[in-house]
Structures are given as structure tokens and as C-alpha cells.
Amino acid sequence: MSSPSNVGALHANLLSALGTGIVSGELAADQVLTLERLSAEHEVSRSVAREAIRVLESMGMVESRRRVGITVQPSRKWNVFDPRLIRWRLQAGDRTALLASLSELRRGFEPAAAAL
């Protein structure tokens, strides 16, 4: 049986690998994945893979549907201000688009914050 810290490391490693793969385009939008395939490719249990998928779903990066599988979502559906997603985008070399997104965010709320 794996220790809790080992399971946490497996989850974090899988989450990072999948997130980076999606951001870099290695896992393309509309590509369908399965828990079985992810578990086998990354040598983790289905429960570890399932938890990583739940996190990616909460970020809008994938959508899980019964009898269909796990579908990679287009970038327009992502929560682009999630710190993990920002880190993955920086690692994938998507710096220009990332800086444009962050600049847009700043332009949106800095004037309101300055007015306080």
C-alpha cells in the first residue's frame, strides 16, 4: 500500500504531466482520453488518475462524461488565472499569450482598485 505522501506525489506528478501536455498541445482539444489509458501510461492507480482529472475539470481543461471518456477542452474554456495553469503555460513556452491574458486582467481591475 502506498503512503499518503507517495500518493500525493503521484497525483501532483500526473496533474503536472497532463496539464503541461494539454497546454503544449501534446494533448489536443477534443482529444478523448480514458482513465485506463492514463493509469497505464503513467503507472498510477485509477483513483490517482480520477483525482487528477477532477482537478483539471475544475480548471475547465477537460470534461468527463460517462460512456464517452475525458475530452480535452479548447483553451477558451480554461480558467487562465489559475496559478497551476499559469505555471504550465510558462513551462510550455506560451509566454506571449500568457502575458496578454495577465495584462488584460490588470487593465480590468487596477483602475477600480486605484479608485478605492
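The working numbering runs 135 ahead of the 1-based position in the sequence shown. Glycine is no exception: its CB is placed at the ideal position from the N, C-alpha and C atoms.
Other residues of its chain near residue i: CB distance less than 8 Å, five sequence neighbours each side excluded
i           : result
residue 169 : 204 and 205
residue 186 : 146
Strand pairing of residue i, partner residues [DSSP]
i           : result
residue 158 : Partner(s): none; residue 158 has no beta bridge.
Where residue i falls: helix, strand or coil (DSSP)
i           : result
residue 168 : strand
residue 180 : coil
residue 163 : coil
residue 145 : helix
residue 251 : coil
Cutoff 7 Å; reference residue i; Cβ partners in own chain excluding five residues on either side
i           : result
residue 179 : 145 and 149
residue 155 : 223, 226 and 227
residue 208 : 164, 195, 196, 197 and 198
Own chain, CB closer than 6 Å to residue i, minus 5 neighbours either side, in chain order
i           : result
residue 158 : 223, 224 and 227
residue 236 : 215
residue 177 : 149
residue 136 : Reliability fails at residue 136, whose pLDDT of 46 lies under 50, so the model's placement of it is uncertain and the value that follows must be treated cautiously. Excluding residues within five positions, none has a Cβ falling inside 6 Å.
Beta carbon of residue i nearer than 8 Å to that of residue j
i           : j           : result
residue 197 : residue 191 : yes
residue 221 : residue 240 : no
is_contact[residue i, chain D] using C-beta, thresh 8 Å
i           : result
residue 220 : Looking for chain D here will not work: only one protein chain is present.
Practice task
Could you name each continuous alpha helix (DSSP H) segment of 4 residues or more that falls completely within the stretch 196-239, going from the start of the chain to the end?
Solution key: 218-226
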